[in-house]
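A.B. asks: Take this structure first; my questions come after.
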Amino acid sequence: MGQDSASFPTPGIGMPFDLSQPHIRVDARNPAADRTILRSAIEGRVLVKNTNKALPLKAPKLLSIYGYDAVAPKTMFPEPGFLTRWNVGFENSPDNFDYFYKINNGEMGAERPSQIAANGTVFGGGGAGAVALPYLDAPFDALQRRAYKDRTTLFWDFDTVNSTSIVDASSDACLVFINAYSAEIYDRPGLHDDFSDAIVLNIAAQCNNTIVVIHNAGIRLVDQFVDHPNVTAIIYAHLPGQESGRVLVSLLYNDENFSGKLPYTVARNESDYGALLHPSSPEGRYSLFPQSDFSEGSLLAIEHLIEKTSLPCTSLDLAFRTLHSTFQIWSSRMSIRGTAVLTQLALSNLVGESICGITILLSLLKLRTQANEKVRKPVSYI
């Protein structure tokens with residue numbers, strides 16, 4: 118391939134073994150990626166509950182903010198050495214980094230990793246592919262900027278660790294930030310944690326407009342608080358990257374609209390997932406080579422829950438997403454041509470609140486005939 122030729126292009130620099138030592142500084146960012154970074158963060162947020170017109174926020178007089186996930190990690194700096202918290206994405210979870218480090222060195226102990234990153238907001242996962250951000254706009258940072266613009270007063274408590282924060286009764290809304298962390302090498306130990314649920318329930322007991330924001334790596338159960346009458350909104354904020362706060366505030370205040378959809382099913386209980394919940398463990402003759410026989414077959418996500426549990430409809434089984442805009446439709450006309458798969462729907466006179474230029478999506482039911490029986494089959498939002 119001519120790689121030994123003097124004319125062969127110089128290869129990339131790669132990652133220095135120790136970033137704390139002198140090295141060539143490289144800025145590999147491409148301005149062409151800025152829009153993708155921003156839109157990915159916007160469209161990755163999913164609003165799954167919004168009652169009592171909790172969202173969008175409209176220049177509230179007083180906002181109270183709680184939860185360990187609202188702020189940036191206290192440190193974000195490459196430490197001496199090669200395998201450090203910074204270059205594998207554990208700035209907000211030093212305890213989990215210790216666990217990660219031991220496993221990486223072959224120390225398979227009995228301890229379990231934490232389900233949360235308690236030292237700051239989650240913006241990505243941990244491991245060799247973790248993102249080293251050029252900056253981090255945390256949710257609290259962006260909320261303060263919006264408070265300045267709207268002349269909103271902010272109260273906050275990020276230090277209370279025993280779920281006994283006090284809420285000012287005159288708060289227009291209370292924002293609670295929690296997370297669910299994940300990393301390479303080890304499996305997530307569960308789908309919820311009692312500590313975070315207790316924070317939400319404590320605030321909801323005192324605030325009748327509690328909005329929960331979860332930065333989650335995959336499924337995170339909300340059964341402990343989803344039906345609480347004072348929990349008016351729930352946002353799966355996922356892993357937003359460097360624009361975390363900026364994007365969240367744009368969605369909370371309707372500068373942008375929620376357009377994300379859940380790529381998974383959220384059940385009521387961890388046990389509802391059955392064999393899908395845990396990895397296959399090493400046993401007997403396969404003690405060194407864990408085997409999985411995929412006993413669940415093709416029953417995944419909602420199909421598994423309908424077939425295997427007594428909960429044919431969980432709280433968030435088909436709640437792909439929710440908009441915080443309303444609109445009306447009239448003078449609509451639908452036509453179905455023979456056995457064609459596609460159905461044409463002509464809409465006119467569509468009126469509603471501003472939806473920020475996002476295409477209005479409708480949930481339709483496709484009608485088809487099987488053995489002379491009409492079957493109602495839900496189809497994706499279009």
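Taken in order, the sequence shown gives residues 118 to 499; the numbers are from the working numbering.
No residue lacks a Cβ here, since even glycine has one placed at the ideal position from N, Cα and C.
1. Taking 9 Å as the threshold (beta carbon to beta carbon), is D311 in contact with chain D?
2. Let's test the definition: count the other Cβ atoms within 10 Å of the Cβ of H421 and tell me whether it reaches 16, buried, or not, exposed.
3. Near S282, which residues of its chain fall below 7 Å by C-beta distance, leaving aside the five closest residues on each side in sequence?
4. In angstroms with no decimal places, state the Cα-to-Cα distance between V329 and V293.
5. Comparing alpha-carbon positions, which option in A384, T349, A187, G119 lies nearest R337?
6. The ligand ADP and P256: does any heavy atom of the ligand fall closer than 8 Å to the residue's C-beta?
7. Taking only runs of the alpha helix (DSSP H) that begin and end inside the segment 355–383, which ones reach a length of at least 4 residues, in chain order?
8. Quick one: what's got a C-beta closer than 8 Å to I130's C-beta in the same chain, skipping five residues either side?
9. What separation, rounded to the nearest whole angstrom, lies between the Cα atoms of T153 and A264?
10. Count the other CB atoms within 10 Å of the CB of V163; is the residue buried (16 or more) or exposed (fewer)?
11. Residues in its own chain within less than 8 Å of T269 by CB, not counting five upstream and five downstream?
12. Quick one: is P128 buried, meaning 16 or more other Cβ sit within 10 Å of its Cβ, or exposed?
13. What is the C-beta distance between L356 and G242, in whole angstroms, given that I count them as a contact (C-beta under 8 Å)?
14. Suppose the cutoff is 6 Å on Cβ atoms and the five residues either side in sequence are ignored; what does the same chain contact list for I159 look like?
15. According to the Cβ coordinates, are I302 and N221 closer than 9 Å?
16. I need the straight-line Cα distance from S412 to N326, nearest angstrom please.
17. Rank A235, I316, V188, D310 by C-alpha distance to the C-alpha of M255 and give the top, closest one.
18. What are the boundary residues of the beta strand (DSSP E) that includes D274?
19. Could you have a look at K191 and say whether DSSP puts it in helix, strand or coil?
20. Look at A290 and L174 and say whether their C-beta atoms are less than 9 Å apart.
21. How close, in whole Å, do the beta carbons of Y185 and Q359 come, if the pair is a contact with beta carbons under 8 Å?
22. Which same chain residues, not among the five before or five after A235, have their C-beta less than 6 Å away from its C-beta?
23. DSSP beta-bridge partners for I328?
24. Closest to P197 by C-alpha separation, out of S231, A245, P139, would be which residue?
25. Secondary structure at Y403, three-state DSSP: helix, strand or coil?
26. Using DSSP with H/G/I as helix, E/B as strand and the rest coil, what is Y303?
27. Among P399, G161, F240, F312, which has the Cα closest to the Cα of Y353?
28. Out of curiosity, what's the CA-to-CA distance linking S398 and S299?
C.D. replies: With the structure as the only source:
1. Here chain D cannot be found, since the structure has a single protein chain.
2. Position 304 of the sequence shown, counted from the first residue, corresponds to residue 421. Counting Cβ neighbours within 10 Å, H421 comes out buried, since at least 16 surround it.
3. For this step, residue 282 is matched to residue 165 along the sequence shown. So the list reads Y183, D274, N319, I320, once near-sequence residues are dropped.
4. Indexing the sequence shown from 1 puts residue 329 at position 212. Indexing the sequence shown from 1 puts residue 293 at position 176. Near 5 Å, if we compare the C-alpha coordinates of V293 and V329.
5. Start at 1 with the first residue of the sequence shown, and residue 337 comes out as number 220. That would be A384, whose Cα lies nearest to the Cα of R337.
6. Inclusion of the ligand ADP in the displayed structure is not the case, the ligand content being empty and no account of it being possible.
7. Those alpha helix (DSSP H) runs which fall completely within the segment 355–383 and span 4+ residues are 361–369.
8. Counted from its first residue, the sequence shown places residue 130 at position 13. Once the five neighbours on either side are set aside, the close Cβ partners of I130 are I141, V143.
9. Translated into positions along the sequence shown, residue 153 becomes position 36. Translated into positions along the sequence shown, residue 264 becomes position 147. Going by the C-alpha atoms only, they are around 27 Å apart.
10. Looking up residue 163 in the sequence shown gives position 46. Flag for V163 reads buried.
11. Walking along the sequence shown from the start, residue 269 turns up at place 152. The answer, listed in chain order, is A176, P177, K178, L179, L180, R263.
12. As a position in the sequence shown, residue 128 is number 11, starting the count at 1. Its Cβ having fewer than 16 others within 10 Å, P128 is exposed.
13. Within the sequence shown, the letter at position 239 stands for residue 356. Within the sequence shown, the letter at position 125 stands for residue 242. Between L356 and G242 a beta carbon distance of about 6 Å is seen, short of the 8 Å cut, so the two are scored as contacting.
14. Counting from 1 along the sequence shown, the entry for residue 159 is found at position 42. Once the five neighbours on either side are set aside, the close Cβ partners of I159 are V364, E373.
15. Counting from 1 along the sequence shown, the entry for residue 302 is found at position 185. Counting from 1 along the sequence shown, the entry for residue 221 is found at position 104. Against a cut-off of 9 Å, the Cβ pair of N221 and I302 comes out as a contact.
16. Numbered from 1 along the sequence shown, position 295 holds the residue referred to as residue 412. Numbered from 1 along the sequence shown, position 209 holds the residue referred to as residue 326. Approximately 43 Å between the Cα atoms of the pair.
17. Sequence index remark: in the sequence shown, residue 255 carries index 138 (1-based). According to the sequence shown, residue 255 is Ala rather than Met. Nearest Cα to A255 within the set A235, I316, V188, D310: V188.
18. As a first step, residue 274 is located in the sequence shown; it is residue number 157 there, counting from the start. First-last of the beta strand (DSSP E) with D274: 270–274.
19. The residue labelled residue 191 in the question sits at position 74 within the sequence shown. Residue state, collapsed to three classes: coil.
20. Taking the first residue of the sequence shown as position 1, residue 290 is located at position 173. Taking the first residue of the sequence shown as position 1, residue 174 is located at position 57. For A290 and L174, yes; Cβs fall inside 9 Å.
21. Working through the sequence shown from its first residue, we reach residue 185 at position 68. Working through the sequence shown from its first residue, we reach residue 359 at position 242. The Cβ separation is near 19 Å, so there is no contact.
22. Taking the first residue of the sequence shown as 1, we reach residue 235 at position 118. Only residues of its own chain outside the window of five on either side were considered, and among them Y185 have a CB closer than 6 Å to the CB of A235, listed in chain order.
23. Position 211 of the sequence shown holds residue 328. DSSP output for I328 lists L292, A350 as bridge partner(s).
24. Within the sequence shown, residue 197 is the residue found at index 80, counting from 1. Nearest C-alpha to P197 among S231, A245, P139: P139.
25. The count along the sequence shown starts at 1 and reaches residue 403 at position 286. In the structure shown, Y403 falls within a helical segment according to DSSP collapsed to helix, strand and coil.
26. Reading the sequence shown from its first residue, position 186 is the one you call residue 303. It is coil, neither helix nor strand.
27. By 1-based counting over the sequence shown, the position of residue 353 is 236. The shortest Cα separation from Y353 among P399, G161, F240, F312 belongs to G161.
28. Start at 1 with the first residue of the sequence shown, and residue 398 comes out as number 281. Start at 1 with the first residue of the sequence shown, and residue 299 comes out as number 182. Rounded to whole angstroms, S398 to S299 spans 19 Å at the Cα level.
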